[in-house]
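Beneath this line is the structure, given in structure tokens, with notes to follow.
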Amino acid sequence: MAVQGAGTPLPSSTPRRLVITGPYRFVRNPMAIGGIAQGVAIGLMVGSWLVIVYALSGSLVWNALVRPLEEADLEERFGSAFRTYRDRVSCWIPRRPLIASAG
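Take a look at the structure:
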């Protein structure tokens, strides 16, 4: 985000360029997936189904409330470049990249 996006890694300081390289080539929300996976992994490590349910519930809340706002902001700021990216790259399930460079 800092180098490719000409911004900072802080969510409050959004990048000035659309970042679609690195892990963003495979999936649109790699940081969210990493956080969810970390929560589930901790739950598995400590044998707590409650932690796993908490992590998965958080993912549902994030998907329903935060992601739509974030994607509306990205579409407003980056227009057709973001729409093309959104149409080609999966939100949650990583797959082979279809886009090689920022638009």
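Per our numbering, the sequence shown starts with residue 90, numbered consecutively.
We put the beta carbon where it would ideally sit given N, CA and C, even for glycine.
Would residue i be called buried (16 or more neighbouring beta carbons within 10 Å of its own) or exposed?
i, result
"residue 153", "exposed"
"residue 155", "exposed"
"residue 135", "exposed"
Contact check, residue i vs residue j under 8 Å by CB: the rounded distance?
i, j, result
"residue 157", "residue 116", "So it is not a contact: roughly 17 Å between Cβ atoms."
"residue 113", "residue 104", "Contact flag wrong, Cβ pair sits at about 11 Å."
Find out if the Cβ-Cβ distance for the pair residue i, residue j is shorter than 8 Å.
i, j, result
"residue 151", "residue 121", "yes"
"residue 172", "residue 164", "yes"
"residue 177", "residue 160", "no"
Which same chain residues end up closer than 6 Å to residue i when comparing Cβ atoms and leaving out the 5 residues on each side of it in sequence?
i, result
"residue 125", "144 and 148"
"residue 260", "This structure leaves residue 260 out entirely; the chain is present only between 90 and 192."
Given residue i, which residues of its chain have a CB within under 7 Å of its CB, disregarding the five upstream and five downstream residues?
i, result
"residue 140", "128, 131 and 132"
At what residues does the alpha helix (DSSP H) containing residue i begin and finish?
i, result
"residue 175", "156-177"
"residue 123", "119-135"
"residue 138", "138-150"
Who are the near neighbours of residue i in its chain, counting only those whose CB is closer than 8 Å to its CB and skipping five residues on each side?
i, result
"residue 162", "103"
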